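Structure, as structure tokens:
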Amino acid sequence: MDSIDWRSLMNAETLGYPGYLTIDLGALARNYARLVAMAAPAEVSAVVKADAYGLGAARVAEALAEAGCRHFFVAHAGEAIALRPHLPDDARLVVLNGLLPGAEAAVAAAHCIPVINSFAQLARWRAQAKIEGQRLPALLQFDTGMSRLGFSPSDRIALHADIQNSPEIEILYVMSHLASADEPDSAQNQAQLDEMRKVAAEFAPLPLCFANSGGVLMGADYHGALARPGIALYGGAPHAGSANPMEPVVSLSIAVVQTHTVPAGAAVGYSGTHVTTGETRLATLAAGYADGLRRSLSSRGAVYLQGQRLPIVGRVSMDSMTVDISDLPEGALDLGSLVEVIGPHQTLEMLAEDAGTIAYEILTSLGHRYRRDYR
Numbered sequence: 001m002d003s004i005d006w007r008s009l010m011n012a013e014t015l016g017y018p019g020y021l022t023i024d025l026g027a028l029a030r031n032y033a034r035l036v037a038m039a040a041p042a043e044v045s046a047v048v049k050a051d052a053y054g055l056g057a058a059r060v061a062e063a064l065a066e067a068g069c070r071h072f073f074v075a076h077a078g079e080a081i082a083l084r085p086h087l088p089d090d091a092r093l094v095v096l097n098g099l100l101p102g103a104e105a106a107v108a109a110a111h112c113i114p115v116i117n118s119f120a121q122l123a124r125w126r127a128q129a130k131i132e133g134q135r136l137p138a139l140l141q142f143d144t145g146m147s148r149l150g151f152s153p154s155d156r157i158a159l160h161a162d163i164q165n166s167p168e169i170e171i172l173y174v175m176s177h178l179a180s181a182d183e184p185d186s187a188q189n190q191a192q193l194d195e196m197r198k199v200a201a202e203f204a205p206l207p208l209c210f211a212n213s214g215g216v217l218m219g220a221d222y223h224g225a226l227a228r229p230g231i232a233l234y235g236g237a238p239h240a241g242s243a244n245p246m247e248p249v250v251s252l253s254i255a256v257v258q259t260h261t262v263p264a265g266a267a268v269g270y271s272g273t274h275v276t277t278g279e280t281r282l283a284t285l286a287a288g289y290a291d292g293l294r295r296s297l298s299s300r301g302a303v304y305l306q307g308q309r310l311p312i313v314g315r316v317s318m319d320s321m322t323v324d325i326s327d328l329p330e331g332a333l334d335l336g337s338l339v340e341v342i343g344p345h346q347t348l349e350m351l352a353e354d355a356g357t358i359a360y361e362i363l364t365s366l367g368h369r370y371r372r373d374y375r
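Quick note on numbering: UniProt numbering labels position 306 of the sequence shown as 306, and the sequence is numbered without any gaps.
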């Protein structure tokens with residue numbers, strides 16, 4: 001047993017993975033370039049939190065850095081510290097949620113940058129700067145109507161005075177987050193823009209960081225000096241219900257474990273929620289809700305083979321699901337055959353709609369049991 005090369009076994013092409021997740025780093029870089037062109041003259045950063053939306057933060061960030069990106073956003077301090085070695089020395093790595101108590105020293109040592117969302121965070125970061133004996137960079141976040149993170153309008157007078165008396169802190173940008181940028185006609189967008197303009201005036205000449213993916217597409221008023229797209233980089237549609245200008249980055253195929261024919265009246269899956277009305281050919285697939293294929297797809301979603309829709313029948317299980325293949329020619333699928341879950345016939349948005357969720361949740365739920373191929 002000691003002589004077995006376990007790493008080679010796990011990386012073997014012949015292991016027989018339940019599915020194959022392909023991340024097209026070329027498409028990712030082209031999406032970044034497309035967003036850079038849309039946002040110019042503003043700079044464009046990359047949101048790579050949650051392991052780059054589930055696609056692998058190290059590989060994704062390296063590809064984006066090679067494409068020219070020099071600003072990266074994560075949610076938590078641990079994500080930033082893990083990612084820092086994969087970025088160029090001149091890249092800025094920003095922690096959106098700011099710092100929970102105790103993280104300040106590690107974040108300063110890793111040359112990462114917190115988003116300051118409260119007076120308590122500001123005081124702790126200032127104290128860390130005094131310990132370091134040098135100025136430490138930060139961003140200031142303002143709540144412009146989302147009621148999630150950031151300083152409220154009633155905080156701004158005191159905050160302005162506070163940062164004027166905080167030479168230990170270098171404020172790089174003031175920022176806020178758009179709550180409805182995926183719905184460009186929402187009145188909330190204009191309301192937040194109006195509030196952000198007030199922030200800009202009060203904290204001039206500090207530059208603004210405002211637009212997310214949807215905000216980039218809404219025009220220059222929303223861009224500020226630094227835009228920070230996320231889902232658009234990964235091929236998701238920035239605006240719900242509109243044509244997607246981004247290139248697909250992700251494709252997913254899953255493998256057939258078994259095909260069989262059942263008679264009329266056969267119950268399929270847990271609790272027998274699907275009962276066949278006639279003789280039916282079924283294929284059991286080697287992935288389920290533990291692999292990001294949500295239980296809500298039960299008797300609702302589908303997979304594809306060469307453009308043919310194969311409906312999911314019965315409940316999606318933890319490690320498997322069943323599809324009806326009666327419309328396929330005999331022998332079209334067999335043990336190990338692959339069917340399309342995300343690809344040319346089913347977009348992220350289509351799968352998310354069938355699952356009753358959003359593309360973000362689909363991406364971030366794709367587990368690590370698939371073989372991942374970066375190209």
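For each residue, glycine too, the CB sits at the ideal point set by N, CA and C.
Being a predicted model, the structure only gives us computed values, none of them experimental.
Whole-angstrom Cβ separation of residue i and residue j, contact assumed at under 8 Å?
| i | j | result |
| --- | --- | --- |
| Leu285 | Val257 | 7 Å |
| Ala232 | Leu35 | 6 Å |
| Glu247 | Arg92 | Rounded, the Cβ-Cβ distance is 26 Å, inconsistent with contact. |
| Leu363 | Gly54 | 5 Å |
| Gln134 | Gly98 | Not a contact, Cβ separation roughly 20 Å. |
| Val115 | Val94 | 6 Å |
| Ile342 | Leu348 | 6 Å |
| Ile113 | Pro137 | 5 Å |
| Tyr370 | Tyr20 | 6 Å |
| Asn212 | Gly230 | 6 Å |
| Leu297 | Val339 | Not really, about 14 Å apart at Cβ, beyond 8 Å. |
| Phe151 | Leu159 | 5 Å |
Please name the residue in the options whose C-alpha comes closest to that of residue i.
| i | options | result |
| --- | --- | --- |
| Gly278 | Ala109, Asp324, Ala179 and Leu93 | Asp324 |
| Leu360 | Ser337, Gly292 and Gly16 | Correcting the residue type first, residue 360 is Tyr in the shown sequence and not Leu. Comparing Cα positions, the closest option is Gly292. |
| Val174 | Asp162, Phe203, Asn189 and Met146 | Phe203 |
| Arg124 | Pro85, Ser166, Asp143 and Ala91 | Ser166 |
| Pro153 | Ser118, Pro18 and Asn97 | Ser118 |
| Asp373 | Val313, Val60 and Ala40 | Val60 |
| Lys130 | Asn212, Ser147, Thr144 and Glu104 | Glu104 |
| Ser147 | Gln192, Arg300, Ala161 and Ala109 | Gln192 |
| Ala42 | Glu62, Phe210 and Val316 | Phe210 |
| Gly314 | Gly288, Ser337, Tyr304 and Ala332 | Gly288 |
| Glu132 | Asp143, Phe151 and His111 | His111 |
| Val250 | Glu330, Gly102 and His345 | His345 |
| Ser176 | Gly145, Leu206 and Pro205 | Gly145 |
| Thr261 | Ala77, Ala200, Arg295 and Glu330 | Glu330 |
| Leu100 | Pro205, Leu87, Asp51 and Ala77 | Ala77 |
| Met38 | Asp221, Arg295 and Gly272 | Asp221 |
| Arg300 | Gly356, Ala264, Ser180 and Ala266 | Gly356 |
| Leu252 | Ser365, Ser180, Ile4 and Gly272 | Ser365 |
| Gly307 | Pro245, Leu328 and Val316 | Leu328 |
| Gln188 | Asp143, Leu208, Ala200 and Asp155 | Asp143 |
Less than 6 Å between C-beta atoms, sequence neighbours within five positions excluded: which residues of the same chain meet that for residue i?
| i | result |
| --- | --- |
| Ser326 | Thr280 and Arg281 |
| Val44 | Leu35, Val36 and Ala227 |
| Leu149 | Asn117 and Gln141 |
| Arg311 | One detail in the question is off: residue 311 reads as Pro in this sequence, not Arg. Excluding sequence neighbours, Pro311 sits near Ala302 and Asp324. |
| Val268 | His274, Val313, Gly314 and Thr322 |
| Ala283 | Val256, Thr259, Val323, Ile325 and Leu333 |
| Ser180 | Ser186, Gln188 and Asn189 |
Who are the Cβ neighbours of residue i in its own chain at under 8 Å, not counting the five residues just before and after it?
| i | result |
| --- | --- |
| Arg375 | Thr22, Ile23, Asp24, Leu25 and Gly26 |
| Leu64 | Leu28, Ala29, Tyr32, Ala46, Val48, Phe72 and Leu233 |
| Glu66 | Ala29 |
| Ile358 | Ala352 |
In the DSSP output, which residue or residues are listed as bridge partners for residue i?
| i | result |
| --- | --- |
| His368 | DSSP output for His368 lists no bridge partner at all. |
| Cys209 | Met175 and Leu226 |
| Pro263 | None; Pro263 has no bridge partner. |
| Tyr20 | Ser253 and Arg371 |
| Asp324 | Leu282 |
| Ala302 | Pro311 |
| Gln346 | Gly343 |
Given residue i, which residues of its chain have a CB within under 7 Å of its CB, disregarding the five upstream and five downstream residues?
| i | result |
| --- | --- |
| Ala290 | Met318, Asp319 and Gly367 |
| Ile163 | Ile169 and Ile171 |
| Arg309 | Ala302 |
| Arg126 | Ser166, Glu168 and Ile169 |
| Asp182 | Gly214, Pro238, His239 and Ala240 |
Meets three-Cβ-pair contact criterion under 8 Å: the stretch 240-258 and the stretch 65-77: Flag = no, the stretch 240-258 and the stretch 65-77 do not touch.
Cβ pair count under 8 Å reaching 3, the stretch 78-86 against the stretch 229-243: Too few Cβ pairs lie closer than 8 Å, so no.
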